[in-house]
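Residue numbers (the numbering used here): -10 to 336.
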Ligand SMILES: Cc1cc2nc3c(=O)[nH]c(=O)nc-3n(C[C@H](O)[C@H](O)[C@H](O)COP(=O)(O)OP(=O)(O)OC[C@H]3O[C@@H](n4cnc5c(N)ncnc54)[C@H](O)[C@@H]3O)c2cc1C
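This is how it looks when you write it as structure tokens:
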């Protein structure tokens, strides 16, 4: 391996760690910079659905996550504030695992394989030139079309679900509920506020519990929140972007973010990392130029993601239109055809 050039990955979230692991499996020297520490709670629905599971299996990580406590998810149900749709089987199974456990498990695996993990170190250098991959997550955008998006998450006890994934829609956003490792239920919401309001509200419990009288509020009536697991993010951009438009080599949310309602963002992080491994290993061995490497990764990612991003944008718009929510839950979500089409086209 004396002739392999090292790769630096900036960002030790799911995309960065998965890429680092895949490169170490091929003997490439890797350093990952991560601004935060492991383990830590992250705002995420913690529901992994889509082709990313195949990437995990290929890299022998699926079994690792199962051993770490990942819970299988086979059913889903949608709710508006007052109406519920029947429980549907998921066209393909998902797995649910807390980010607290998942990121930590992958970080340990990267180190076990000989990767260098510079934990708690933010890379300030903005030069993402040869051999450097951006895996820094979503790009900050304070407002989008006059709206501020923000995410809230907490783990809860004492919640009985009727499906493995419950998605509760309301005019201000949506909240997903799913059981994760350790028996807790993850309560995670994406919300919007007008640009002239506070970016994140102080009364986060009320936002996550839903409006008084809503089905979500009833579901969480006896919930006990694990306060230490609470986290929030703001400045979310949901505008689809293409990898080819970037001058840097990017993976995961650093390329683009898919609306969380699809439960496909983590899958895209795993998939994009999986697609970057071989081109980067070839660059490391000196077989291809950096510009070709970057372009090969970008065009694979764009080919894989463009269609699902377009569908997801349309789906999110429909699900958040207050006038459509009742109709969707009462009629459309009962249709097996609609449910399967929306599911399959967004992953
Ligand atoms: C409300 C909400 C709900 C969601 N629900 C789901 C869901 O149910 N299912 C799903 O699949 N996806 C979901 N997602 C999306 C999912 O969380 C992301 O797609 C996924 O985390 C992307 O992984 P990533 O590695 O690209 O980015 P991240 O996981 O964000 O990792 C990026 C890392 O880079 C680090 N970093 C940034 N800058 C630097 C720097 N300069 N130096 C060093 N380190 C740096 C950060 O600390 C961070 O750890 C949700 C997102 C939100 C907001």
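Backbone N, C-alpha and C define an ideal beta-carbon position, used for all residues, glycine too.
{"Asked": "Cβ-heavy atom distance, residue 124 to ligand 1, below 7 angstroms", "Found": "yes"}
{"Asked": "Residue 248 versus residue 134: straight-line alpha-carbon distance, rounded", "Found": "15 angstroms"}
{"Asked": "Close-in-space but distant-in-sequence residues of the same chain around residue 150 (CB under 8 angstroms, 5 per side omitted)", "Found": "166, 167, 168, 174 and 208"}
{"Asked": "Of the residues 274, 256 and 125, the one placed nearest residue 110, counting alpha carbons only", "Found": "125"}
{"Asked": "Length of the line joining the Cα atoms of residue 320 and residue 9", "Found": "45 angstroms"}
{"Asked": "Bridge-paired residues (DSSP) for residue 137", "Found": "182"}
{"Asked": "Any non-hydrogen atom of ligand 1 closer than 7 angstroms to residue 1 Cβ", "Found": "yes"}
{"Asked": "Bridge partner(s) assigned by DSSP for residue 154", "Found": "65 and 167"}
{"Asked": "Inside the stretch 213 to 298 only - alpha helix (DSSP H) runs reaching at least 4 residues", "Found": "254 to 273"}
{"Asked": "Assigned exposure category for residue 312 - 16 Cβ within 10 Å defines buried", "Found": "exposed"}
{"Asked": "Outcome for residue 34 when other beta-carbon atoms lying within 10 angstroms are tallied against a minimum of 16", "Found": "buried"}
{"Asked": "Sub-8 angstroms separation of residue 339 and residue 224 beta-carbons", "Found": "Given that the chain is displayed from residue -10 to residue 336, the structure contains no residue 339 and the question cannot be resolved."}
{"Asked": "Proximity below 8 angstroms, CB of residue 202 to CB of residue 140", "Found": "no"}
{"Asked": "Coil, strand or helix - residue 320 by DSSP", "Found": "coil"}
{"Asked": "Check: residue 179 C-beta below 7 angstroms from any heavy atom of ligand 1", "Found": "yes"}
{"Asked": "Check whether residue 261 and residue 220 have beta carbons under 8 angstroms apart", "Found": "no"}
{"Asked": "Proximity test, residue 112 beta-carbon vs ligand 2 heavy atom, cut-off 7 angstroms", "Found": "Ligand 2 is not part of this structure, which contains only ligand 1."}
{"Asked": "Proximal residues to residue 102 (C-beta, below 7 angstroms), its chain only, five neighbours per side dropped", "Found": "10, 13 and 14"}
{"Asked": "Whole-angstrom distance between residue 90 and residue 61, CA atom to CA atom", "Found": "15 angstroms"}
{"Asked": "Sufficient close CB pairs (3 or more, under 8 angstroms) joining the stretch 38 to 47 to the stretch 251 to 270", "Found": "yes"}
{"Asked": "Neighbour-count burial assignment, residue 326, 16 or more Cβ in a 10 Å radius", "Found": "exposed"}
{"Asked": "Nearest to residue 73 (by Cα), restricted to the options 273, 49, 112 and 316", "Found": "316"}
{"Asked": "Residue 225: CB within 7 angstroms of a non-hydrogen atom of ligand 1", "Found": "yes"}
{"Asked": "Any 3 or more C-beta pairs closer than 8 angstroms across the stretch 147 to 164 and the stretch 14 to 25", "Found": "no"}
{"Asked": "Separation of residue 216 from residue 287, as counted between CA atoms", "Found": "40 angstroms"}
{"Asked": "Residues that residue 23 bridges to, as DSSP identifies them", "Found": "108"}
{"Asked": "Helix, strand or coil at residue -3 [DSSP, three-state]", "Found": "strand"}
{"Asked": "Cβ-Cβ separation, residue 143 to residue 68 (assumed contact under 8 angstroms), whole Å", "Found": "Contact flag wrong, Cβ pair sits at about 19 angstroms."}
{"Asked": "Spatial neighbours of residue 36 in its chain, beta-carbon cut-off 7 angstroms, leaving aside the 5 residues before and after", "Found": "62, 83, 85, 154, 165, 167 and 252"}
{"Asked": "Contact check, residue 243 vs residue 123, beta carbons under 8 angstroms", "Found": "yes"}
{"Asked": "For residue 302, the three-state DSSP class (helix, strand or coil)", "Found": "helix"}
{"Asked": "Inter-stretch contact (C-beta, 8 angstroms, three-pair minimum) for the stretch 267 to 277 and the stretch 299 to 309", "Found": "no"}
{"Asked": "Pick from -4, 71 and -2 that is closest to residue 318, judged by C-alpha positions", "Found": "71"}
{"Asked": "Closer than 7 angstroms: residue 67 CB and nearest ligand 1 heavy atom", "Found": "no"}
{"Asked": "Simplified DSSP assignment, three categories, for residue 15", "Found": "coil"}
{"Asked": "Spatial neighbours of residue 58 in its chain, beta-carbon cut-off 7 angstroms, leaving aside the 5 residues before and after", "Found": "86, 90, 170 and 171"}
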